[in-house]
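Shown next, in C-alpha cells, is the structure this report addresses.
In our numbering, the protein residues as written are 213 to 467.
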C-alpha cells in the first residue's frame, strides 16, 4: 500500500526534531536541516511505509492479531479509531508492565473485569453497602479504561504497531523479548534499530499520525480480505474435488 508523498507533506510528516536532539542512526532518513530542525526524506518514508504495510497485511492475512499502541495525547483518538475501523486491538491508556511478557496475568485481570461487569448488571450491587459498590465501580471503571482495547484478544499479537518508540519503550521492550515484530513511526530523535519496520516520520503531529496509522489499518483490512478470498477459493476447490470423486465413484459403480 502506497501513501502519496503529497499526503505526507501536507500532514507535516517530514518535520523532525531539533537538530541537537537527533539520533545519529536516523541519518539515512534525513534529507536536510532547516532552521535548526531536521527534515525527513519523504521518499524514504514512502519506501519504509510500503514495507511496513506489507508486513501488517501478511500478519492479518495469516489470521494473527495486530496490536495498535499509542498512549501519548496526540495518538490516543487516532489509534482507537483506526484499530476499531479494522477490528483490531489497541492500547491507548498506560502500558501495563507485562502486558505481553506476562500475558496470562493480564488474561486473569480481564476475567476479573468480566466478573465485575456481571455483578454490576445482575443485581449484586443492590445487596451490597454503598461504600462497597463505590469501591467496586471505581475498580471496574479503571480496569475498563486500561483493558478495553484488548479484552477480546485471545493470545499474543503477531505484530505490534507503535506511535513514538521512545514514549512506548515498555511495549517495544516486551515485543523484542518475545520476538514479536514491531512497526513504528520513528522520529529523528529515536533509534530505528529498536524495531523491525521503522517508518521515519513526525510522531508528534496529529495529522502525520493519522495518515500513517490509517495506512496500517488499511493494510489490516486488505490482509483479512485476502484471507477470506483464499478461504473461498479453497472451499470451491474442495467442492470440485468432492464432485470429481463422486463422479468417478459413480462411473466405477456403473461399470
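Ideal Cβ positions, reconstructed from N, Cα and C, are used throughout, including at glycine. Just so it is clear, the structure is predicted and the values come from calculations on it, not from any experiment.
Problem set entry | Close-in-space but distant-in-sequence residues of the same chain around residue 425 (CB under 6 Å, 5 per side omitted) | 290, 294
Exercise. Residue 398: which of 254, 392, 218 sits nearest, CA to CA?
Worked result: 254
Exercise. Looking at the structure shown, is residue 228 part of a helix, part of a strand, or coil, going by DSSP?
Worked result: strand
Problem set entry | Nearest residue (CA-CA) to residue 280, options 337, 368, 400 | 368
Problem set entry | Residues that DSSP places opposite residue 412 in a beta bridge | 398
Exercise. The beta strand (DSSP E) with residue 279 in it runs from where to where?
Worked result: 278 to 281
Problem set entry | Cβ separation of residue 432 and residue 272, assumed to be a contact under 8 Å, to the nearest whole Å | 4 Å
Problem set entry | Span separating the alpha-carbon of residue 352 from that of residue 331 | 10 Å
Exercise. For the 8 Å Cβ check, are there 3 or more pairs between the stretch 336 to 346 and the stretch 382 to 397?
Worked result: no
Exercise. Can you find at least 3 beta carbon pairs, one from the stretch 367 to 382 and one from the stretch 304 to 317, that sit closer than 8 Å?
Worked result: yes
Problem set entry | Every unbroken alpha helix (DSSP H) inside the stretch 264 to 310 [4 residues or more] | 285 to 297
Exercise. Thinking C-alpha only, which one of 401, 406, 400 is nearest residue 386?
Worked result: 406
Exercise. Between the beta-carbon of residue 285 and the beta-carbon of residue 375, is there less than 8 Å?
Worked result: no
For this session: If I'm right that residue 361 touches residue 303 with Cβ under 8 Å, what's the distance once you round it to whole angstroms?
Result: 6 Å
For this session: Per DSSP, which residues does residue 245 bridge with? Please list them.
Result: 250
Problem set entry | Residues sharing a beta bridge with residue 215, DSSP | Partner(s): none; residue 215 has no beta bridge.
For this session: Return the residue from the list 274, 258, 316, 228 that minimises the CA-CA distance to residue 436.
Result: 274
Exercise. Expressed to the nearest angstrom, what Euclidean distance is found between the alpha-carbon atoms of residue 226 and residue 301?
Worked result: 28 Å
Exercise. Any idea if residue 379 is buried or exposed, counting beta-carbon neighbours within 10 angstroms, 16 or more meaning buried?
Worked result: buried
Problem set entry | Three-state class that DSSP yields for residue 423 in the structure shown | helix
Problem set entry | Inter-residue Cα distance where the pair is residue 339 and residue 349 | 14 Å
For this session: Name, in chain order, the residues that DSSP records as bridge partners for residue 407.
Result: The partner list for residue 407 (beta bridge, DSSP) is empty, contrary to what the question assumes.
Problem set entry | Residue range of the beta strand (DSSP E) that includes residue 322 | Element bounds for residue 322: not the beta strand (DSSP E) but the alpha helix (DSSP H), 315 to 333.
For this session: Just the C-alpha distance for residue 219 and residue 356, rounded to the nearest angstrom, thanks.
Result: 35 Å
Problem set entry | residue 371 in three-state terms, based on DSSP | strand
Exercise. Going by beta carbon distance, what residues of the same chain come within less than 7 Å of residue 224, once the five residues before and after it are set aside?
Worked result: 414, 417, 419, 420
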